[in-house]
Amino acid sequence: MLAKLHTFALVGIEGVPVHVEVDASAGLPKTILVGLPEASVRESQHRIERALANLGYDRHPGRTVINLAPADLPKAAGAFDLPIALGLLVATGQLLPEQLKDYATAGELALDGNLRPIKGALAISMAAAAAGFRKLLVSAENAREAAVVDSIEVYGVGSLVQAVGILSGQLLAEPTASNLEELFARLGTYEIDFGDVRGQEFAKRALVVAAAGGHNVLMIGSPGTGKTMLAQRLPTILPPLTLGESLETTRIYSALGRLKPDQPLLATRPFRSPHHTISDAGMVGGGSTPAPGEISLAHHGVLFLDELPEFNRRSLEVLRQPLEQGSVTISRALNSTTFPASFMMVAAMNPCQCGYLGDSKHVCKCNPMQIERYMGRISGPLLDRIDMHIEVPSVPFQELSGQAEGTSSATMREQVSKARMIQKERFAKSPSRLNGRMTSRQLRKFCPLDQEGKGLLQNAMEALGLSARAHDRILRMARTIADLEGVENIQPGHVTEAIGYRSLDRKLWQR
-15 MLAKLHTFAL VGIEGVPVHV EVDASAGLPK TILVGLPEAS VRESQHRIER
35 ALANLGYDRH PGRTVINLAP ADLPKAAGAF DLPIALGLLV ATGQLLPEQL
85 KDYATAGELA LDGNLRPIKG ALAISMAAAA AGFRKLLVSA ENAREAAVVD
135 SIEVYGVGSL VQAVGILSGQ LLAEPTASNL EELFARLGTY EIDFGDVRGQ
185 EFAKRALVVA AAGGHNVLMI GSPGTGKTML AQRLPTILPP LTLGESLETT
235 RIYSALGRLK PDQPLLATRP FRSPHHTISD AGMVGGGSTP APGEISLAHH
285 GVLFLDELPE FNRRSLEVLR QPLEQGSVTI SRALNSTTFP ASFMMVAAMN
335 PCQCGYLGDS KHVCKCNPMQ IERYMGRISG PLLDRIDMHI EVPSVPFQEL
385 SGQAEGTSSA TMREQVSKAR MIQKERFAKS PSRLNGRMTS RQLRKFCPLD
435 QEGKGLLQNA MEALGLSARA HDRILRMART IADLEGVENI QPGHVTEAIG
485 YRSLDRKLWQ R
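This is the structure we're talking about:
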(Lines of atoms letter the chains of each structure in order from A and count residues from 1; the text may use other names and numbers.)
(Lines give C-alpha, C1' and ligand atoms only; values in the text may rest on other atoms or scores of the structure.)
Protein backbone atom coordinates (compact mmCIF):
# COMPACT_ATOMS: atom_id res chain seq x y z
CA MET A 1 0.00 0.00 0.00
CA LEU A 2 1.13 3.54 -0.72
CA ALA A 3 0.67 6.17 1.99
CA LYS A 4 0.95 9.95 1.48
CA LEU A 5 1.31 12.47 4.30
CA HIS A 6 2.14 16.15 4.64
CA THR A 7 4.85 17.80 6.71
CA PHE A 8 7.19 20.77 6.45
CA ALA A 9 10.95 21.29 6.28
CA LEU A 10 12.53 24.27 7.99
CA VAL A 11 14.59 26.30 5.51
CA GLY A 12 16.06 29.30 7.30
CA ILE A 13 13.01 30.53 9.16
CA GLU A 14 10.45 29.41 6.57
CA GLY A 15 8.38 26.24 6.56
CA VAL A 16 8.55 24.53 3.14
CA PRO A 17 5.93 21.86 2.26
CA VAL A 18 7.24 18.30 2.06
CA HIS A 19 5.27 15.26 0.92
CA VAL A 20 6.08 12.01 2.74
CA GLU A 21 5.35 8.95 0.59
CA VAL A 22 5.68 5.46 2.07
CA ASP A 23 5.37 2.40 -0.18
CA ALA A 24 5.23 -1.07 1.38
CA SER A 25 5.61 -3.97 -1.04
CA ALA A 26 6.66 -7.61 -1.14
CA GLY A 27 10.30 -8.54 -1.23
CA LEU A 28 13.29 -8.92 1.03
CA PRO A 29 13.08 -6.91 4.30
CA LYS A 30 14.72 -3.59 3.53
CA THR A 31 13.96 0.09 4.14
CA ILE A 32 15.14 2.70 1.63
CA LEU A 33 14.93 6.43 2.38
CA VAL A 34 15.22 8.81 -0.60
CA GLY A 35 14.63 12.52 -1.20
CA LEU A 36 18.00 14.10 -0.25
CA PRO A 37 17.90 13.28 3.48
CA GLU A 38 20.70 14.64 5.68
CA ALA A 39 22.36 12.45 8.32
CA SER A 40 19.82 13.26 11.05
CA VAL A 41 16.98 12.14 8.75
CA ARG A 42 18.78 8.99 7.56
CA GLU A 43 19.28 7.99 11.19
CA SER A 44 15.54 8.36 11.79
CA GLN A 45 14.97 4.92 10.25
CA HIS A 46 16.46 3.29 13.35
CA ARG A 47 14.59 5.55 15.80
CA ILE A 48 11.27 4.93 14.06
CA GLU A 49 11.82 1.16 13.76
CA ARG A 50 12.57 0.74 17.47
CA ALA A 51 9.75 3.11 18.52
CA LEU A 52 7.21 1.10 16.52
CA ALA A 53 8.55 -2.18 17.89
CA ASN A 54 8.59 -0.97 21.49
CA LEU A 55 4.98 0.21 21.17
CA GLY A 56 3.84 -3.14 19.78
CA TYR A 57 2.98 -2.07 16.22
CA ASP A 58 3.41 -4.55 13.38
CA ARG A 59 6.49 -4.15 11.22
CA HIS A 60 6.26 -4.61 7.46
CA PRO A 61 8.11 -7.83 6.58
CA GLY A 62 8.99 -6.78 3.00
CA ARG A 63 10.52 -3.90 1.11
CA THR A 64 9.72 -0.32 2.21
CA VAL A 65 10.55 2.82 0.24
CA ILE A 66 10.18 6.22 1.91
CA ASN A 67 10.29 9.27 -0.36
CA LEU A 68 10.56 12.86 0.86
CA ALA A 69 9.52 15.21 -1.93
CA PRO A 70 10.59 17.56 -3.45
CA ALA A 71 13.69 15.56 -4.20
CA ASP A 72 15.98 18.58 -4.67
CA LEU A 73 15.32 20.05 -1.21
CA PRO A 74 17.78 18.91 1.50
CA LYS A 75 15.92 17.46 4.49
CA ALA A 76 17.47 17.91 7.93
CA ALA A 77 16.47 17.64 11.62
CA GLY A 78 14.22 15.10 13.33
CA ALA A 79 10.83 16.65 12.52
CA PHE A 80 10.19 13.97 9.87
CA ASP A 81 10.07 11.12 12.41
CA LEU A 82 6.38 11.45 13.23
CA PRO A 83 5.07 11.71 9.63
CA ILE A 84 7.29 8.80 8.51
CA ALA A 85 6.09 6.64 11.41
CA LEU A 86 2.46 7.47 10.67
CA GLY A 87 3.08 6.75 6.99
CA LEU A 88 4.43 3.32 7.87
CA LEU A 89 1.30 2.62 9.92
CA VAL A 90 -0.92 3.69 7.01
CA ALA A 91 1.11 1.65 4.51
CA THR A 92 0.75 -1.47 6.70
CA GLY A 93 -2.98 -0.95 7.25
CA GLN A 94 -2.78 0.00 10.92
CA LEU A 95 -4.18 3.49 10.16
CA LEU A 96 -6.60 4.57 7.45
CA PRO A 97 -5.41 7.14 4.88
CA GLU A 98 -8.53 9.30 5.22
CA GLN A 99 -7.86 9.73 8.92
CA LEU A 100 -4.87 11.95 8.10
CA LYS A 101 -6.51 13.90 5.28
CA ASP A 102 -6.80 17.27 7.10
CA TYR A 103 -3.59 16.98 9.09
CA ALA A 104 -0.02 18.17 8.75
CA THR A 105 2.37 16.52 11.20
CA ALA A 106 5.87 17.15 12.58
CA GLY A 107 7.80 15.72 15.51
CA GLU A 108 10.85 13.78 16.63
CA LEU A 109 10.45 10.31 18.12
CA ALA A 110 12.28 8.80 21.06
CA LEU A 111 12.98 5.06 21.14
CA ASP A 112 10.09 4.51 23.56
CA GLY A 113 7.64 6.26 21.20
CA ASN A 114 7.46 9.57 23.08
CA LEU A 115 7.63 12.79 21.10
CA ARG A 116 10.39 15.31 21.58
CA PRO A 117 10.13 19.04 20.73
CA ILE A 118 11.51 20.37 17.46
CA LYS A 119 12.84 23.71 16.26
CA GLY A 120 10.67 25.93 14.11
CA ALA A 121 7.23 24.77 15.27
CA LEU A 122 5.83 28.27 14.80
CA ALA A 123 7.20 28.54 11.24
CA ILE A 124 5.69 25.13 10.46
CA SER A 125 2.34 26.17 11.92
CA MET A 126 2.32 29.41 9.89
CA ALA A 127 3.24 27.52 6.70
CA ALA A 128 0.60 24.85 7.34
CA ALA A 129 -2.08 27.50 7.83
CA ALA A 130 -0.98 29.30 4.66
CA ALA A 131 -1.13 25.99 2.74
CA GLY A 132 -4.75 25.48 3.79
CA PHE A 133 -4.38 22.74 6.40
CA ARG A 134 -7.02 22.74 9.12
CA LYS A 135 -5.12 20.72 11.73
CA LEU A 136 -1.53 20.30 12.88
CA LEU A 137 -0.10 17.50 15.02
CA VAL A 138 3.07 18.33 16.99
CA SER A 139 4.67 17.37 20.30
CA ALA A 140 2.95 18.61 23.45
CA GLU A 141 5.97 20.82 24.22
CA ASN A 142 5.60 22.62 20.88
CA ALA A 143 1.80 22.91 20.99
CA ARG A 144 1.45 26.29 22.73
CA GLU A 145 4.05 27.82 20.43
CA ALA A 146 2.34 26.52 17.29
CA ALA A 147 -1.14 27.43 18.61
CA VAL A 148 -0.50 31.18 18.47
CA VAL A 149 -1.51 30.91 14.80
CA ASP A 150 -5.28 31.31 15.07
CA SER A 151 -6.21 29.94 11.65
CA ILE A 152 -5.20 26.33 12.37
CA GLU A 153 -6.13 23.81 15.09
CA VAL A 154 -3.03 22.53 16.88
CA TYR A 155 -3.04 19.20 18.73
CA GLY A 156 -0.18 18.51 21.12
CA VAL A 157 0.66 14.84 21.70
CA GLY A 158 3.12 13.25 24.07
CA SER A 159 3.65 10.00 22.19
CA LEU A 160 3.04 8.16 18.93
CA VAL A 161 0.30 6.14 20.64
CA GLN A 162 -1.54 9.33 21.55
CA ALA A 163 -1.17 10.64 17.98
CA VAL A 164 -2.63 7.40 16.56
CA GLY A 165 -5.49 7.56 19.07
CA ILE A 166 -6.42 11.11 18.02
CA LEU A 167 -6.17 10.33 14.31
CA SER A 168 -8.23 7.13 14.58
CA GLY A 169 -10.89 8.80 16.70
CA GLN A 170 -10.32 6.50 19.65
CA LEU A 171 -9.00 9.35 21.78
CA LEU A 172 -10.94 12.60 22.09
CA ALA A 173 -8.74 15.69 22.24
CA GLU A 174 -9.30 19.42 22.21
CA PRO A 175 -7.02 21.71 20.18
CA THR A 176 -4.54 23.74 22.18
CA ALA A 177 -5.88 27.19 23.06
CA SER A 178 -3.76 30.15 21.99
CA ASN A 179 -4.73 32.54 24.84
CA LEU A 180 -3.01 35.43 23.09
CA GLU A 181 -4.42 38.11 25.39
CA GLU A 182 -3.26 36.21 28.46
CA LEU A 183 0.20 35.70 26.94
CA PHE A 184 0.65 39.38 26.12
CA ALA A 185 -0.59 40.39 29.59
CA ARG A 186 1.78 37.94 31.32
CA LEU A 187 4.85 38.34 29.13
CA GLY A 188 4.51 41.92 27.91
CA THR A 189 6.01 43.73 30.92
CA TYR A 190 9.56 44.93 31.60
CA GLU A 191 11.39 44.60 34.90
CA ILE A 192 13.55 47.68 34.28
CA ASP A 193 12.60 51.35 33.90
CA PHE A 194 14.24 54.62 32.88
CA GLY A 195 13.29 55.91 36.33
CA ASP A 196 16.21 53.81 37.63
CA VAL A 197 18.67 56.06 35.77
CA ARG A 198 19.66 59.14 37.77
CA GLY A 199 20.47 62.25 35.77
CA GLN A 200 21.33 61.96 32.06
CA GLU A 201 18.22 63.89 31.04
CA PHE A 202 19.89 65.00 27.79
CA ALA A 203 20.63 61.38 26.88
CA LYS A 204 17.06 60.40 27.76
CA ARG A 205 15.71 63.14 25.50
CA ALA A 206 17.94 61.87 22.68
CA LEU A 207 16.67 58.32 23.19
CA VAL A 208 13.06 59.57 23.06
CA VAL A 209 13.84 61.13 19.66
CA ALA A 210 15.58 57.91 18.57
CA ALA A 211 12.68 55.70 19.67
CA ALA A 212 10.07 57.98 18.14
CA GLY A 213 11.66 58.01 14.69
CA GLY A 214 13.54 54.68 14.64
CA HIS A 215 16.95 56.39 14.57
CA ASN A 216 20.24 54.62 15.33
CA VAL A 217 22.29 55.98 18.24
CA LEU A 218 25.94 56.11 19.29
CA MET A 219 26.64 57.03 22.92
CA ILE A 220 30.11 58.25 23.83
CA GLY A 221 31.25 58.64 27.41
CA SER A 222 33.70 57.63 30.10
CA PRO A 223 33.33 54.26 31.87
CA GLY A 224 30.49 54.12 34.38
CA THR A 225 28.40 57.01 33.08
CA GLY A 226 25.33 54.85 32.44
CA LYS A 227 25.53 54.08 28.73
CA THR A 228 24.62 50.41 29.16
CA MET A 229 21.78 51.21 31.59
CA LEU A 230 20.31 53.65 29.09
CA ALA A 231 20.58 51.18 26.20
CA GLN A 232 19.01 48.31 28.15
CA ARG A 233 15.97 50.44 28.91
CA LEU A 234 15.36 51.63 25.35
CA PRO A 235 12.90 48.77 24.57
CA THR A 236 10.73 49.92 27.49
CA ILE A 237 9.78 53.14 25.68
CA LEU A 238 9.12 51.58 22.30
CA PRO A 239 5.46 50.88 21.45
CA PRO A 240 4.22 47.40 22.44
CA LEU A 241 4.73 44.67 19.88
CA THR A 242 1.76 44.08 17.62
CA LEU A 243 0.69 40.48 17.02
CA GLY A 244 2.18 40.57 13.52
CA GLU A 245 5.52 41.89 14.79
CA SER A 246 5.52 39.36 17.60
CA LEU A 247 4.96 36.45 15.20
CA GLU A 248 7.74 37.66 12.89
CA THR A 249 10.21 37.90 15.76
CA THR A 250 9.09 34.72 17.55
CA ARG A 251 9.46 32.74 14.32
CA ILE A 252 13.18 33.59 14.26
CA TYR A 253 13.71 32.51 17.86
CA SER A 254 11.65 29.37 17.24
CA ALA A 255 13.75 28.38 14.22
CA LEU A 256 16.90 28.61 16.34
CA GLY A 257 15.37 26.85 19.34
CA ARG A 258 15.77 29.96 21.52
CA LEU A 259 12.25 30.08 22.97
CA LYS A 260 11.93 29.34 26.68
CA PRO A 261 9.56 26.50 27.66
CA ASP A 262 7.15 28.91 29.39
CA GLN A 263 7.38 31.54 26.65
CA PRO A 264 5.60 30.41 23.47
CA LEU A 265 5.46 33.98 22.17
CA LEU A 266 7.72 37.05 22.42
CA ALA A 267 5.62 39.88 23.85
CA THR A 268 8.42 42.38 24.55
CA ARG A 269 10.88 44.01 22.18
CA PRO A 270 14.04 41.90 21.89
CA PHE A 271 17.29 43.34 23.21
CA ARG A 272 20.46 41.74 21.89
CA SER A 273 23.94 42.59 23.13
CA PRO A 274 26.55 40.42 21.38
CA HIS A 275 30.12 40.28 22.68
CA HIS A 276 32.70 42.19 20.69
CA THR A 277 34.46 38.94 19.69
CA ILE A 278 31.49 37.94 17.50
CA SER A 279 32.21 36.92 13.90
CA ASP A 280 30.57 38.47 10.87
CA ALA A 281 28.54 35.26 10.36
CA GLY A 282 27.36 35.41 13.97
CA MET A 283 26.36 39.03 13.48
CA VAL A 284 24.35 38.84 10.24
CA GLY A 285 23.83 35.08 9.88
CA GLY A 286 25.49 32.40 7.83
CA GLY A 287 26.71 28.83 7.85
CA SER A 288 26.59 26.11 5.18
CA THR A 289 22.85 26.03 5.83
CA PRO A 290 22.17 29.75 6.46
CA ALA A 291 20.85 30.54 9.93
CA PRO A 292 19.83 33.94 11.34
CA GLY A 293 22.39 36.05 13.20
CA GLU A 294 22.19 38.63 15.96
CA ILE A 295 20.68 41.33 13.75
CA SER A 296 17.74 39.06 12.95
CA LEU A 297 17.33 38.12 16.61
CA ALA A 298 17.02 41.88 17.23
CA HIS A 299 14.25 42.20 14.62
CA HIS A 300 11.64 44.75 15.81
CA GLY A 301 13.88 45.44 18.80
CA VAL A 302 17.26 46.82 19.79
CA LEU A 303 20.78 45.68 18.87
CA PHE A 304 23.28 47.03 21.42
CA LEU A 305 26.96 47.07 20.52
CA ASP A 306 28.94 47.89 23.65
CA GLU A 307 32.61 48.90 23.27
CA LEU A 308 32.04 49.53 19.56
CA PRO A 309 35.72 50.02 18.54
CA GLU A 310 36.59 46.61 20.02
CA PHE A 311 34.44 44.80 17.44
CA ASN A 312 36.15 43.26 14.44
CA ARG A 313 35.97 45.77 11.62
CA ARG A 314 34.49 43.21 9.24
CA SER A 315 31.75 42.39 11.76
CA LEU A 316 30.77 46.06 11.77
CA GLU A 317 31.02 46.66 8.03
CA VAL A 318 28.53 43.88 7.26
CA LEU A 319 25.92 45.92 9.15
CA ARG A 320 25.85 48.66 6.53
CA GLN A 321 23.40 47.01 4.13
CA PRO A 322 20.97 45.71 6.80
CA LEU A 323 20.86 49.15 8.44
CA GLU A 324 19.67 50.62 5.15
CA GLN A 325 17.34 47.84 3.94
CA GLY A 326 15.96 46.23 7.11
CA SER A 327 16.86 42.74 5.89
CA VAL A 328 19.93 40.65 5.08
CA THR A 329 20.44 38.17 2.26
CA ILE A 330 22.83 35.25 2.74
CA SER A 331 23.93 33.83 -0.62
CA ARG A 332 25.33 30.38 -1.21
CA ALA A 333 26.21 28.49 -4.39
CA LEU A 334 22.84 26.74 -4.70
CA ASN A 335 20.46 29.28 -3.16
CA SER A 336 20.09 32.45 -1.16
CA THR A 337 18.11 33.13 2.00
CA THR A 338 16.74 36.45 3.19
CA PHE A 339 16.24 37.11 6.90
CA PRO A 340 14.37 40.09 8.37
CA ALA A 341 16.59 42.55 10.24
CA SER A 342 14.64 45.71 11.01
CA PHE A 343 16.17 46.88 14.27
CA MET A 344 17.35 49.96 16.12
CA MET A 345 21.09 49.96 16.59
CA VAL A 346 22.47 51.48 19.78
CA ALA A 347 26.23 51.56 20.20
CA ALA A 348 28.38 52.69 23.09
CA MET A 349 32.06 53.51 23.30
CA ASN A 350 34.65 55.36 25.33
CA PRO A 351 36.09 58.58 23.89
CA CYS A 352 39.59 57.09 23.87
CA GLN A 353 41.49 53.94 24.79
CA CYS A 354 41.87 54.81 28.48
CA GLY A 355 38.30 56.10 28.52
CA TYR A 356 38.80 59.54 30.04
CA LEU A 357 39.32 61.97 27.17
CA GLY A 358 37.45 65.15 28.09
CA ASP A 359 36.50 63.85 31.55
CA SER A 360 36.62 66.59 34.19
CA LYS A 361 37.53 64.19 37.02
CA HIS A 362 40.24 62.09 35.38
CA VAL A 363 43.34 62.77 33.31
CA CYS A 364 43.49 61.15 29.88
CA LYS A 365 46.66 59.05 29.46
CA CYS A 366 46.37 58.63 25.69
CA ASN A 367 48.57 60.48 23.23
CA PRO A 368 47.06 61.91 20.00
CA MET A 369 48.28 58.94 17.95
CA GLN A 370 46.54 56.45 20.28
CA ILE A 371 43.32 58.46 20.17
CA GLU A 372 43.50 58.62 16.39
CA ARG A 373 44.10 54.88 16.12
CA TYR A 374 41.27 54.10 18.53
CA MET A 375 38.74 56.25 16.69
CA GLY A 376 39.93 54.99 13.32
CA ARG A 377 38.60 51.52 14.10
CA ILE A 378 35.13 52.74 13.10
CA SER A 379 34.74 53.56 9.42
CA GLY A 380 33.20 56.79 8.20
CA PRO A 381 30.54 55.02 6.08
CA LEU A 382 29.28 53.10 9.13
CA LEU A 383 29.34 56.24 11.25
CA ASP A 384 27.25 58.04 8.64
CA ARG A 385 24.57 55.36 9.01
CA ILE A 386 24.26 56.07 12.72
CA ASP A 387 21.84 58.96 12.94
CA MET A 388 22.65 60.30 16.40
CA HIS A 389 25.96 60.68 18.22
CA ILE A 390 25.44 61.82 21.79
CA GLU A 391 27.77 62.46 24.70
CA VAL A 392 26.99 60.81 28.03
CA PRO A 393 28.91 62.70 30.74
CA SER A 394 29.53 61.67 34.34
CA VAL A 395 26.60 62.21 36.71
CA PRO A 396 27.23 64.70 39.57
CA PHE A 397 27.10 63.34 43.12
CA GLN A 398 24.08 65.48 43.98
CA GLU A 399 21.98 63.76 41.29
CA LEU A 400 23.23 60.29 42.22
CA SER A 401 22.45 60.72 45.91
CA GLY A 402 19.19 62.64 45.44
CA GLN A 403 15.82 61.08 46.18
CA ALA A 404 14.07 62.50 43.12
CA GLU A 405 13.00 59.91 40.56
CA GLY A 406 14.30 60.28 37.04
CA THR A 407 12.01 60.51 34.03
CA SER A 408 10.11 57.23 33.87
CA SER A 409 9.67 54.89 30.92
CA ALA A 410 5.89 55.46 30.99
CA THR A 411 6.33 59.21 30.47
CA MET A 412 8.84 58.72 27.68
CA ARG A 413 6.76 55.98 26.03
CA GLU A 414 3.73 58.27 25.92
CA GLN A 415 5.72 60.86 23.94
CA VAL A 416 7.05 58.17 21.60
CA SER A 417 3.59 56.71 21.00
CA LYS A 418 2.08 60.09 20.06
CA ALA A 419 4.89 60.76 17.58
CA ARG A 420 4.52 57.31 16.05
CA MET A 421 0.78 57.79 15.58
CA ILE A 422 1.54 60.89 13.52
CA GLN A 423 4.00 58.88 11.42
CA LYS A 424 1.49 56.07 10.99
CA GLU A 425 -0.95 58.50 9.42
CA ARG A 426 1.77 60.15 7.34
CA PHE A 427 3.04 56.87 5.87
CA ALA A 428 -0.32 55.09 5.64
CA LYS A 429 0.18 54.42 1.92
CA SER A 430 3.89 53.70 2.08
CA PRO A 431 6.01 50.68 3.12
CA SER A 432 7.92 53.06 5.40
CA ARG A 433 6.44 53.53 8.85
CA LEU A 434 9.08 55.64 10.57
CA ASN A 435 10.89 58.89 9.88
CA GLY A 436 14.21 57.09 10.19
CA ARG A 437 13.29 54.96 7.15
CA MET A 438 12.10 57.77 4.86
CA THR A 439 13.20 57.64 1.23
CA SER A 440 14.75 60.63 -0.55
CA ARG A 441 11.44 61.40 -2.26
CA GLN A 442 9.62 61.35 1.08
CA LEU A 443 12.24 63.65 2.56
CA ARG A 444 11.51 66.27 -0.09
CA LYS A 445 7.79 65.89 0.49
CA PHE A 446 7.60 65.80 4.29
CA CYS A 447 10.69 67.76 5.41
CA PRO A 448 10.58 71.23 3.79
CA LEU A 449 12.58 73.92 5.63
CA ASP A 450 12.07 77.67 5.79
CA GLN A 451 14.92 80.03 4.92
CA GLU A 452 16.25 80.17 8.48
CA GLY A 453 16.25 76.38 8.77
CA LYS A 454 18.05 76.04 5.44
CA GLY A 455 20.67 78.52 6.59
CA LEU A 456 21.30 76.61 9.80
CA LEU A 457 21.67 73.34 7.93
CA GLN A 458 23.96 74.86 5.30
CA ASN A 459 26.26 76.35 7.96
CA ALA A 460 26.41 73.01 9.76
CA MET A 461 27.25 71.13 6.57
CA GLU A 462 30.10 73.50 5.75
CA ALA A 463 31.45 73.85 9.29
CA LEU A 464 31.32 70.16 10.21
CA GLY A 465 32.04 68.69 6.79
CA LEU A 466 28.99 66.45 6.91
CA SER A 467 28.12 64.10 4.04
CA ALA A 468 24.95 64.06 1.94
CA ARG A 469 23.78 61.07 3.98
CA ALA A 470 24.30 63.07 7.19
CA HIS A 471 22.26 65.92 5.63
CA ASP A 472 19.34 63.54 5.09
CA ARG A 473 19.62 62.11 8.58
CA ILE A 474 19.48 65.57 10.13
CA LEU A 475 16.26 66.22 8.19
CA ARG A 476 14.79 62.92 9.40
CA MET A 477 15.65 63.76 13.00
CA ALA A 478 14.23 67.27 12.67
CA ARG A 479 11.00 65.74 11.34
CA THR A 480 10.84 63.45 14.37
CA ILE A 481 11.47 66.31 16.80
CA ALA A 482 8.64 68.27 15.17
CA ASP A 483 6.36 65.22 15.51
CA LEU A 484 7.22 64.97 19.21
CA GLU A 485 6.03 68.56 19.61
CA GLY A 486 2.96 67.87 17.49
CA VAL A 487 3.68 70.58 14.89
CA GLU A 488 3.26 70.15 11.16
CA ASN A 489 6.19 72.23 9.91
CA ILE A 490 9.84 71.82 10.89
CA GLN A 491 11.00 74.88 12.85
CA PRO A 492 14.58 76.25 13.08
CA GLY A 493 14.77 75.02 16.68
CA HIS A 494 14.09 71.48 15.50
CA VAL A 495 16.95 71.73 12.99
CA THR A 496 19.28 73.08 15.68
CA GLU A 497 18.50 70.19 18.02
CA ALA A 498 18.98 67.67 15.21
CA ILE A 499 22.37 69.18 14.30
CA GLY A 500 23.37 68.89 17.94
CA TYR A 501 22.88 65.14 17.70
CA ARG A 502 25.30 64.96 14.72
CA SER A 503 28.13 67.30 15.62
CA LEU A 504 29.95 65.02 18.07
CA ASP A 505 31.28 62.64 15.41
CA ARG A 506 33.25 65.40 13.69
CA LYS A 507 34.57 66.56 17.05
CA LEU A 508 36.10 63.13 17.61
CA TRP A 509 36.79 61.82 14.11
CA GLN A 510 38.17 64.96 12.54
CA ARG A 511 41.55 64.52 10.91
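In the working numbering, the protein residues as written are -15 to 495.
Glycine included, C-beta positions come from ideal geometry on N, C-alpha and C.
- It is roughly 52 Å from the alpha-carbon of residue 192 to the alpha-carbon of residue 28.
- Boundaries of the alpha helix (DSSP H) around residue 186: 185 to 197.
- Around the beta carbon of residue 183, 16 or more other beta carbons sit within 10 angstroms, so the residue counts as buried.
- Taking all protein chains shown into account, residue 398 has fewer than 16 neighbouring C-beta atoms within 10 Å of its C-beta and is therefore exposed.
- Within the DSSP bridge table, the entry for residue 15 names 48 as partners.
- As computed with DSSP, residue 139 is found in a beta bridge with 121.
- By the Cβ test, the segment 304 to 315 is in contact with the segment 355 to 373, since at least three Cβ pairs between them sit closer than 8 Å.
- Where residue 1 is concerned, the enclosing beta strand (DSSP E) starts and stops at -2 to 9.
- Using a C-beta cut-off of 8 Å, the segment 249 to 269 makes no contact with the segment 204 to 211, since fewer than three inter-stretch Cβ pairs fall below that distance.
- Less than 8 Å divides the Cβ of residue 411 from the Cβ of residue 417.
- Leaving aside the five residues that flank residue 202 on each side, the residues in its chain whose CB is nearer than 6 Å to its CB run, in chain order, 331, 370 and 373.
- Bridge partners of residue 329 according to DSSP: 287.
- Residue 57 holds the alpha-carbon nearest to the alpha-carbon of residue 318 among 52, -14, 10 and 57.
- Scanning 15, -13, 9 and 16 for the CA closest to the CA of residue 71 turns up -13.
- According to DSSP, residue 255 shares a beta bridge with 286.
- DSSP places residue 476 inside the alpha helix (DSSP H), whose first and last residues are 476 to 484.
- For residue 464, the uninterrupted alpha helix (DSSP H) run begins and ends at 452 to 469, by DSSP.
- Straight across, the Cα-Cα distance linking residue 18 with residue 69 is about 15 Å.
- Residue 422 carries a coil assignment under DSSP once its states are collapsed to helix, strand and coil.
- Residue 24 is positioned such that its CB atom lies closer than 8 Å to that of residue 62.
- Using a 10 angstroms sphere on the CB of residue 424, the tally of other CB atoms stays under 16, which defines it as exposed.
- In the DSSP assignment, residue 87 falls within the beta strand (DSSP E) that extends over 87 to 89.
- Secondary structure note for residue 315: its beta strand (DSSP E) is the uninterrupted segment 311 to 315.
- With 16 or more other Cβ atoms inside 10 Å of its own Cβ, residue 101 counts as buried.
- Bounds of the beta strand (DSSP E) holding residue -12 are -14 to -5.
- DSSP places residue 74 in no beta strand (DSSP E) but in the uninterrupted alpha helix (DSSP H) bounded by 65 to 75.
- Relative to residue 106, the option among 240, 188 and 172 whose CA is nearest is 240.
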